[in-house]
Amino acid sequence: MDQIVPLADWLPHSKTPLVIAGPCSAETEEQVLSTARELAKNPDVNVFRAGIWKPRTRPNNFEGVGMQGLPWLRKVKEETGLLTTCEVANAKHTELAILAGVDILWIGARTTANPFSVQEIADVLKGTDIPVMVKNPVNADLALWIGALERLSNAGIKKLAAIHRGFSSAEKTNWRNPPMWRMPIELMRKYPNLPMICDPSHIAGKRDLIYRVSQKALDIGMDGLMIETHPTPDQAWSDAEQQITPAYLAEMINELEIRHQSADDPSYEQSLEQLRSRIDQIDQELIDVLHHRMQIVHAIGDLKIANNVTAVQISRMNDIMDRRTDHGKKLGLRPEYIQEVWRTIHEESVKTQTDMMRAHHGLDDQV
Ligand code: PEP
Ligand code: MN
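In this note's numbering, the protein residues as written are 1223 to 1589.
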């Protein structure tokens, strides 16, 4: 994973951000080619996507045209010059896609969740240097996402990228797959050289949220966008609600504000430095305050032990949560933020006091 080739080296002519567009599924040769022709008029689009084999949650839905769609992708490349990419979910797909000259492969969310399938794909890829993009697994498991990338990296693939497509959730939300931004951000922190591409289509699930998600991805500093595009989205054979037309895509890209990792302006650097040193100072103070708070937690622990009182009092816990949330709200801090911070702070206090109680009983095993 430390030999990842930067995106600019394997897509030398691509603009930033990288835009991958095309239908959820290849349906007919005509649909594939007409979408590609429209997209090729847009200089912001670099790569054409189309699902050839479609993983569907329930059977009896359209499961993709299969290998008959591969020559359509070759035609796209020959006619428009766009690079092509499709999803591969097993060894057979991978062999067929490579044979058909597909330029970039991607591994879908359901496949990333299955190490057997990823390994079988990685085994086929040994000895090639085809670029591979790995979608996050359906479940919010960062190790599983990293594991899939490592299997490909161990097979010698250096042109790697990650695709953030959101995570499935049991809760009913506005999203098809809630983005849980902290997950891709954590991956970006761990592997700063790994290109991160956002797939707003599968996060949003409906077309009116795509612009918002795309802008957020760029604001975070992601390297590209993969957006499902169809000439007549409402008639699409899969994911109709989230697909947009090539014309709307062009409009949307024009509206997006593109940010950079840094700015050339020296006054920007200077202001940033000053603000960051204030943050550093505040963080130090926060740690000192947490330390001071912990000393008091210890004193309370001694008092509870002496009086044979439990570490947790639910009423006190609720009282702390309510009062801190109210206080934060008055200062414009989100209740969820304050609750998360105090949950962590309180959890550590409970742990400290139960550890003290265990030691008092002469037990030293961790629980
Ligand atoms: C897709 O890109 O069409 C797709 C099936 O995506 P995911 O694997 O993210 O569900
Ligand atoms: Mn789709």
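Here a beta-carbon is modelled for each residue, glycine too, at the ideal position from N, C-alpha and C.
When distances are taken from the beta-carbon of Gly1330 to the heavy atoms of the ligand PEP, the shortest one is below 6 angstroms. Cβ-Cβ distances below 8 angstroms link Ala1319 to Ile1274, Leu1292, Cys1308, Val1310, Leu1327 in the same chain, with the five nearest sequence neighbours on each side left out; the list follows chain order. Rounded to the nearest whole angstrom, the C-alpha separation of Ile1504 and Leu1497 is 11 angstroms. A distance of 7 angstroms or more separates the beta carbons of Trp1403 and Ile1425.
From the listed residues Ser1236, Ala1248, Pro1234, the smallest Cα separation to Ala1462 is found for Ala1248. Here the alpha carbon of Ser1256 sits roughly 10 angstroms from the alpha carbon of Ala1262.
Check the Cα spacing between Ser1460 and each of Lys1237, Tyr1559, Gly1286: the tightest is with Gly1286. Buried is the label assigned to Ile1475, since at least 16 other Cβ atoms lie within 10 Å of its Cβ.
Relative to the ligand MN, the beta carbon of Asp1461 is positioned inside 6 angstroms of a heavy atom.
DSSP, reduced to helix, strand and coil, places Val1354 within a strand of the structure shown.
Per the C-alpha coordinates, the member of Pro1239, Trp1232, Pro1228, His1235 positioned closest to Leu1478 is Pro1239. In the structure shown, Trp1328 falls within a strand segment according to DSSP collapsed to helix, strand and coil. In the DSSP assignment, His1520 falls within the unbroken alpha helix (DSSP H) covering 1488-1528.
One alpha carbon belongs to Lys1394, the other to Ile1242, and they sit about 29 angstroms apart. Met1402 sits in coil when the DSSP states are folded into three classes, being neither helix nor strand. Closest in C-alpha terms to His1568, from the list Leu1553, Ser1537, Asp1363, comes Ser1537.
The beta carbon of Gly1349 lies closer than 8 angstroms to those of Gly1378 in the same chain, with the five residues before and after it left out.
When Cβ pairs closer than 8 angstroms are counted between the two stretches, the segment 1532-1546 is seen not to touch the segment 1506-1516, the count staying below three. As a beta-bridge residue in DSSP terms, Glu1450 pairs with Gly1244.
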